[in-house]
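Colleague: Handing you a structure now.
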């Protein structure tokens with residue numbers, strides 16, 4: 001409250017226009033200067049904002065949501081509506097609305113977030129994922145704007161962040177251990193994009209379980225899938241070109257659905273020739289052929305907790321930070 | 001532009017505070033007065049708005065989306081993300097954001113729409129459905145606020161409305177005719193909530209096809225389903241209590257998925273004992289057991305066209321109105 005751009009400029013020993021350029025993340029300002037200015041902003045609790053009035057009084061009434069990646073790929077994943085449902089359940093009690101910014105690529109995504117924040121359209125932001133080098137998160141953090149991450153922002157090394165996540169290492173371990181306990185020998189894995197921490201964590205869990213069981217992981221049976229069913233399909237075909245694993249861990253049900261189709265196209269029967277397990281327990285799992293064994297990750301609860309933390313962060317201020325870990329639950333069906 | 005609440009009050013021969021109450025749809029004002037005031041607003045082109053400035057200059061940059069019913073039921077239907085994807089594809093070119101208002105019931109829904117519109121948070125609204133007596137649509141129409149309906153608002157009898165829809169009577173006829181052509185005799189139907197025009201239209205198409213083929217419709221084989229898989233499941237059980245139709249038309253794939261489960265639970269095999277057909281061609285149809293014959297309704301295109309019409313309506317003004325009809329395409333699989 002009451003802190004102006006001039007105060008920040010003075011503290012950082014730069015001109016007000018330099019502060020303004022740092023807020024806009026202009027490439028014309030050196031990394032060193034940016035760092036110094038952002039530190040001053042954080043220390044002073046400065047909210048850079050074109051409509052500072054509405055922001056500091058925290059009453060745009062809107063919460064922004066940033067999708068994990070360009071909308072076209074993300075809207076169709078069942079995680080999105082489930083998380084949205086959870087977020088909504090909290091926001092509607094507080095008469096708050098949700099702002100979504102359509103974005104087709106990472107440049108647009110960044111511009112969309114800046115539009116939301118710098119023109120004072122939202123009081124806070126929910127990010128539906130965390131990446132290994134997440135410019136959106138570091139930017140929001142640097143300007144001290146309220147946000148919460150659904151995902152573990154650990155690799156970003158930030159001190160005080162609100163976040164909510166499954167224990168994804170545990171989930172990776174759980175599904176791999178389940179296949180090991182079932183007696184499967186050569187267990188492969190289909191991971192997702194390894195810039196996302198959720199995928200890194202589930203892969204790590206797979207490796208830990210394999211190692212603990214004294215099994216060696218086989219690079220030939222590991223593949224990174226592009227988005228969804230088709231990604232899983234192609235990843236499985238790549239694995240099958242290298243040989244036939246007895247089972248495959250997939251880090252997402254949509255990958256599992258594609259992988260099952262690939263196995264079938266190559267003449268393999270599920271679960272008899274190859275076992276397949278997924279994660280997410282999406283609504284249709286039980287209706288698939290064969291019904292898919294998966295892990296319930298409680299996307300609704302993730303959304304709900306995220307919204308609750310964010311509202312507290314907005315209410316209490318930058319000194320508030322907390323995290324919630326939600327454990328997965330294995331749902332046995334017949335795909336492995 | 002420039003029209004004030006006083007001008008409206010004068011034209012309608014009431015006090016300005018009465019106009020204000022009409023805008024808020026206060027129960028203290030008689031229907032007759034409301035009608036007169038709203039007519040005056042329309043004739044003068046008055047935009048009632050707490051932030052009239054931003055509205056008349058049309059630059060909140062936000063488009064509101066109203067779901068067909070309370071969020072909890074709707075977010076999880078695959079139509080929502082597909083339509084949202086289409087809407088986004090248009091809005092991102094125009095740097096516009098999407099505003100969603102969480103609502104748990106019809107009272108909240110109405111309040112949410114009023115909050116969006118009356119506090120100047122959006123430049124226009126996309127309604128994702130039309131009901132037979134749709135207060136949201138008639139309210140937006142009465143205050144002359146830009147909106148577009150995905151659905152046919154025909155029964156509301158409004159003169160100039162922008163809307164986009166499938167030809168749902170044709171779709172109902174198409175899927176029923178398909179079953180008739182396959183040689184099915186006693187064809188039942190599972191409809192959705194008959195307050196929604198989409199469901200009325202698909203039921204009408206079913207009746208037309210049955211009549212044209214000289215078949216009588218059997219009330220015992222007609223059921224209205226509640227929301228989604230479970231609704232379809234329960235509706236099918238009700239039908240099976242009355243006898244065994246040879247096939248069932250369902251107006252939505254999620255109903256079909258539930259109906260198939262009900263048939264199976266009662267020991268019937270699909271498609272051998274009972275044929276089932278759906279509408280929507282949702283992503284998982286091909287992976288179901290058995291793969292579901294359905295109708296592609298192009299939800300993405302519906303969303304895209306809706307956003308395009310709305311932007312034109314905002315740009316051009318109340319004299320602009322248009323509609324787009326998108327035809328369905330039968331996708332043959334093996335469920336009938």
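Residue numbers (UniProt numbering), protein chains in the order written: chain A, 1 to 336; chain B, 1 to 336.
C-beta atoms are modelled at their ideal positions from N, C-alpha and C, and glycine is treated no differently.
Tell me which same chain residues have a C-beta within less than 8 Å of the C-beta of residue 144 of chain B, skipping the five on either side of it?
Modeller: 41, 42, 45, 46, 47 and 318
Colleague: Roughly how many angstroms lie between the CA atoms of residue 53 of chain A and residue 308 of chain B, to the nearest whole one?
Modeller: Because the pLDDT at residue 53 of chain A is just 41, under 50, the model does not fix this residue reliably, and the value given afterwards should be weighed accordingly. One C-alpha to the other measures close to 33 Å.
Colleague: Please work out which residues of its chain come closer than 8 Å, Cβ to Cβ, to residue 7 of chain A, disregarding the five sequence neighbours upstream and downstream, and give them in chain order.
Modeller: 44 and 46
Colleague: Could you list which residues in chain B have their beta carbon closer than 7 Å to that of residue 339 of chain A, in chain order?
Modeller: For residue 339 of chain A there is no data in the structure shown, the boundaries of chain A being 1 and 336.
Colleague: Compute the distance between the beta-carbons of residue 281 of chain A and residue 201 of chain A, then report whether it is under 8 Å.
Modeller: Not in contact: residue 281 of chain A and residue 201 of chain A (Cβ atoms no closer than 8 Å).
Colleague: Use the C-beta contact count for residue 219 of chain B: other C-beta atoms within 10 angstroms, 16 or more gives buried, fewer gives exposed.
Modeller: exposed
Colleague: Output needed for residue 332 of chain A: all residues of its chain with C-beta closer than 6 Å, excluding positions within five of it in sequence on either side, in chain order.
Modeller: 293
Colleague: Can you pull the chain E neighbours of residue 289 of chain A, defined as C-beta to C-beta under 9 Å?
Modeller: Absent here is chain E; the protein component of the structure consists of chains A and B.
Colleague: Does DSSP classify residue 284 of chain B as helix, strand or coil?
Modeller: Three-state result, residue 284 of chain B: coil.
Colleague: Answer yes if the segment 93-100 of chain A comes into contact with the segment 161-180 of chain A, meaning at least three C-beta pairs across the two stretches below 8 Å, and no otherwise.
Modeller: no
Colleague: Count Cβ pairs between the segment 127-136 of chain B and the segment 121-130 of chain A that sit closer than 8 Å; are there 3 or more?
Modeller: no
Colleague: Whose CA, out of A:252, A:39 and A:113, lies closest to the CA of residue 285 of chain A?
Modeller: A:252
Colleague: What residues from chain A crowd round residue 284 of chain B, counting only those whose CB sits closer than 7 Å?
Modeller: Here the neighbours are 284.
Colleague: Where do the N-terminal and C-terminal ends of the alpha helix (DSSP H) with residue 138 of chain A fall, by residue?
Modeller: 135-142
Colleague: With the cut-off set at 8 Å, would you say residue 146 of chain B and residue 109 of chain B are in Cβ contact?
Modeller: no
Colleague: Thinking residue 278 of chain B and residue 256 of chain B are a contact (beta carbons under 8 Å), I'd like their distance in whole angstroms, please.
Modeller: 3 Å
Colleague: With a threshold of 8 Å between beta-carbons, can residue 257 of chain A be considered close to chain B, or not?
Modeller: yes
Colleague: Among B:240, B:59, B:264 and B:35, which one has its Cα closest to the Cα of residue 11 of chain B?
Modeller: B:35
Colleague: In whole angstroms, give me the CA-to-CA distance for residue 264 of chain B and residue 267 of chain A.
Modeller: 27 Å
Colleague: Look at the alpha carbon of residue 258 of chain A and the alpha carbon of residue 18 of chain A, and state the distance between them as a whole number of angstroms.
Modeller: 50 Å
Colleague: Which value, in whole angstroms, describes the spacing of the CA atoms of residue 310 of chain B and residue 183 of chain A?
Modeller: 58 Å
Colleague: Whole alpha helix (DSSP H) runs in the segment 130-204 of chain A with 4 or more residues, listed along the chain?
Modeller: 135-142 and 168-181
Colleague: For the beta strand (DSSP E) that residue 33 of chain A lies in, which residues bound it at each end?
Modeller: Segment 31-44 is the alpha helix (DSSP H) holding residue 33 of chain A; no beta strand (DSSP E) there.
Colleague: Should residue 102 of chain B be flagged as near chain A, meaning a C-beta pair shorter than 8 Å?
Modeller: yes
Colleague: Could you tell me which residues DSSP puts in a beta bridge with residue 293 of chain A?
Modeller: A:277
Colleague: How is residue 321 of chain A classed by DSSP in three states: helix, strand or coil?
Modeller: coil
Colleague: Consider the Cβ of residue 146 of chain B: report whether some Cβ of chain A lies at a distance smaller than 8 Å.
Modeller: no
Colleague: Just reading off the beta strand (DSSP E) that residue 83 of chain A is part of, what are its end residues?
Modeller: Counting along the chain, residue 83 of chain A falls outside any beta strand (DSSP E), though it belongs to the alpha helix (DSSP H) covering 79-91.
Colleague: Identify which residue in A:335, A:306, A:297 and A:301 has its Cα closest to the Cα of residue 329 of chain A.
Modeller: Selected option, being the one with the closest Cα: A:297.
Colleague: With 7 Å as the limit, tell me which residues of the UniProt domain "HTH lacI-type" (3-57) of chain A have their beta carbon closer than that to any beta carbon of chain B; keep them in chain order.
Modeller: none
Colleague: Can you tell me whether DSSP reads residue 250 of chain B as helix, strand or coil?
Modeller: strand
Colleague: Given that a residue counts as buried once 16 or more other Cβ atoms are within 10 Å of its Cβ, and exposed if not, what is residue 28 of chain A?
Modeller: exposed
Colleague: Please return the same chain residues whose Cβ sits closer than 6 Å to the Cβ of residue 271 of chain A, not counting the five positions on each side in sequence.
Modeller: 335 and 336
Colleague: The beta strand (DSSP E) with residue 62 of chain B in it runs from where to where?
Modeller: Boundaries of the beta strand (DSSP E) harbouring residue 62 of chain B: 62-66, taken from the DSSP string.
Colleague: For residue 26 of chain B and residue 20 of chain B, I'd like the C-alpha separation in whole angstroms.
Modeller: 9 Å
Colleague: May I ask you to report which of helix, strand or coil DSSP gives residue 56 of chain A?
Modeller: Bear in mind that the predicted position of residue 56 of chain A carries a pLDDT of just 45, short of 50, making it unreliable; the figure below should be weighed with that in mind. Residue 56 of chain A: helix per DSSP, three-state reduction.
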